[in-house]
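J.: Residue numbers (my numbering): 21 to 184.
Glycine residues also receive a C-beta, built at the ideal position from the N, C-alpha and C atoms.
All values reported here derive from a predicted model rather than from experimental measurement.
Could you have a look at this structure, given as structure tokens, before my questions?
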């Protein structure tokens, strides 16, 4: 999310996205699942994670409506903040998409190998912006645990909510 003014959000995975063609095509991205989105390991990053825990559900998708192979409109997950606004998503190259205020760049390929340029560029930016280098990510798809852990320690939440 290169250029995102909201620097506590950094990475989002397109893994698990499902869609159907031909155009117009609806792509449903499971960005609320464990391991799909990262935030800085800071009080603000954790507050945003907690916010998402209470305004959306684990199985809610991030929906992209592709008009053609180079343009889509994104329906934001956080309708509480953004309302019915739709975000334009325009292809720049095979590895870059413009989302109005920032560029979404591929830094890891589907097979897990790093992009030859963008991976290092991301690391340089991240360590400059967040010197600790730490990120946080959802580690469970258990909605109860996610909400509970925002307020209580893990061991208490596991006893209330069941296994992770």
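Cutting at 7 Å between CB atoms, please list the residues of its own chain near residue 118, excluding the five before and the five after it.
T.: Here the set comprises 110 and 112.
J.: I'd like to know whether the C-beta atoms of residue 125 and residue 61 end up nearer to each other than 8 Å.
T.: No, Cβ-Cβ distance for residue 125 and residue 61 is not below 8 Å.
J.: Within this structure, are the beta carbons of residue 78 and residue 161 separated by less than 8 Å?
T.: In contact: residue 78 and residue 161 (Cβ atoms closer than 8 Å).
J.: With a threshold of 8 Å, are at least 3 pairs of Cβ atoms found where one atom belongs to the stretch 164–173 and the other to the stretch 141–156?
T.: The stretch 164–173, when compared against the stretch 141–156, does not touch it at the 8 Å Cβ threshold.
J.: To which residues does DSSP link residue 119 through a beta bridge?
T.: Paired residues: 122.
J.: In or out: residue 242 buried (at least 16 other Cβ within 10 Å) or exposed?
T.: The structure shown has nothing for residue 242, since the chain only spans 21 to 184.
J.: Given residue 33, which residues of its chain have a CB within under 6 Å of its CB, disregarding the five upstream and five downstream residues?
T.: Taken in chain order, the residues that qualify are 56.
J.: Since I believe residue 138 is in contact with residue 15 (beta carbons under 8 Å), could you give me their beta-carbon distance rounded to a whole number of angstroms?
T.: This structure does not reach residue 15, given that the chain is present from 21 up to 184, and the question cannot be answered.
J.: Helix, strand or coil for residue 69 per DSSP?
T.: Residue state, collapsed to three classes: helix.
J.: Straight-line CA distance for residue 58 to residue 146?
T.: So the two alpha carbons sit approximately 12 Å from each other.
J.: Under 6 Å Cβ to Cβ from residue 88, same chain only, skipping five residues before and after it: list those, please.
T.: If we look at residue 88 and ignore the five residues flanking it on each side, its Cβ neighbours are 43.
J.: Compare the Cα-Cα distances from residue 91 to each of 26, 132, 45 and 135 and report the closest residue.
T.: The residue with the shortest Cα to Cα distance from residue 91 is 45.
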